[in-house]
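So the number in the working numbering is just where the residue sits in the sequence shown, counting from 1, plus 179. Even glycine gets a Cβ: it sits at the ideal position worked out from N, Cα and C. Structure, as structure tokens:
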Amino acid sequence: MTFLLFAEQMLNGLQFGIMLFLMAAGLTLVFGVMGLINLAHGSLYMIGAFAAAAVAGATGSFVLALMASLAAAAAAGALIELTVIRRLYKRDHLDQVLATFALILILSEGTRWVFGSFPLYLDVPSYLSGPVTLPGGIQYPLYRLAIILAGLLVAGGLFALIARTRIGIQIRAGEADREMIAALGIDISRLYTLVFALGAALAGLAGALVGAIQSVQVGMGEPVLILAFVVIVIGGIGSIKGALVGALLVGMTDTMGGVLLPRFFALFMDPSAATTIGASLGSMLIYILMAAVLIVRPSGLYGSA
């Protein structure tokens, strides 16, 4: 493997990890603060992607498309929390799983009814299209670099929100002892709605950013949701730092495993068989990583015991 190919795959892994962080951050916020297993989080990712594609098609503005993804996913999240999720906080996790699985079906069919069954396409804006030359002669798509930068800025803003603001203090306090902050006069219902809408907005933004790389279609959020669960298990439930570290680990492991393992097995066997075996094992690596982390640290890298 050449240095240029290795560096390009490292950047691909970083970009994939950043996308997973945007999904996992909202998921771990909701689970950490509200104790809710939300299987419908992937549907909010899908809603953000469809909203962005629709607005971009109507206005031709990618910036407005991103704003629409944030607004649509946050509004959908707040509405879902007010009408459905609020009734599940005191129920056991099985009820939460069943209810949010039903939301997946409802939101998928609702999206199909509004936008149709055919995929939509969100074009990369002209000012972010084409490759850029990095140090070492690496040619890499400018849009993917913009995704990495945008994700890191969002991560920094989220860390600042949680650590430096009053609402962040309330979110952290709600994670530690929700009964106490309710007794101190904080409107816990409004806080839960805000946290759920924030998590939904992050998922919607991820959907919009990825929508310019792949097609926007019904059901696109479920595969990403599975990986987001892997991320928060590795990083530790309720930890934003853990979500970032776990997402980068998963992104790098998934990308580099799919590239390096076929080349490794090609040293010992027929190239076609090496490609098949290497690709199969590469897709398993993230779950092997998750199992290894859980053996050493059952609560995740940054989770509480």
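- Proximity to E260 across A232, M463, L373 peaks at L373, based on C-alpha coordinates.
- Around the Cβ of G309, a 10 Å sphere holds fewer than 16 other Cβ atoms; the residue is exposed.
- DSSP links Q318 through a beta bridge to T312.
- In the DSSP secondary-structure assignment, V395 is bridged to L299.
- Of the candidates T207, A203, G383, T207 places its Cα closest to the Cα of R351.
- With contacts defined as CB atoms closer than 8 Å, V395 and P298 qualify as a contacting pair.
- Contact between T279 and N217 holds: CB atoms are separated by about 5 Å, below the 8 Å threshold.
- A direct Cα-Cα distance of roughly 15 Å separates A244 from Y322.
- The continuous alpha helix (DSSP H) containing T372 extends over residues 367–390.
- In the structure shown, Y306 adopts helical secondary structure according to DSSP, grouped into three states.
- When the Cα atoms are used, S368 and A232 turn out to be separated by approximately 32 Å.
- Burial check for M463: the Cβ neighbour count within 10 Å stays below 16, so the residue is exposed.
- Where F185 is concerned, the enclosing alpha helix (DSSP H) starts and stops at 182–213.
- Straight-line measurement puts the Cα of Y300 at about 9 Å from the Cα of G236.
- Annotated three-state conformation of A219 is coil, per DSSP.
- Taking the Cα positions, P402 is about 27 Å away from R266.
- Residue environment for H272: exposed (fewer than 16 other C-beta atoms within 10 angstroms of its C-beta).
- Cβ-Cβ distances below 6 Å link M213 to Y371 in the same chain, with the five nearest sequence neighbours on each side left out; the list follows chain order.
- With 16 or more neighbouring CB atoms inside 10 Å of its own CB, L381 falls in the buried class.
- Judged by their CB atoms, V234 and A247 are nearer to each other than the 8 Å cut-off.
- Nearest in C-alpha terms to A470, of all of G425, G398, A458, L184, is G425.
- Note that the C-beta distance between A385 and L215 is not below 8 Å.
- Counting the other Cβ atoms within 10 Å of the Cβ of I467 gives fewer than 16, which makes it exposed.
- Here the alpha carbons of L473 and F185 stand approximately 29 Å from one another.
- Under the three-state reduction of DSSP, D449 is assigned to coil, being neither helix nor strand.
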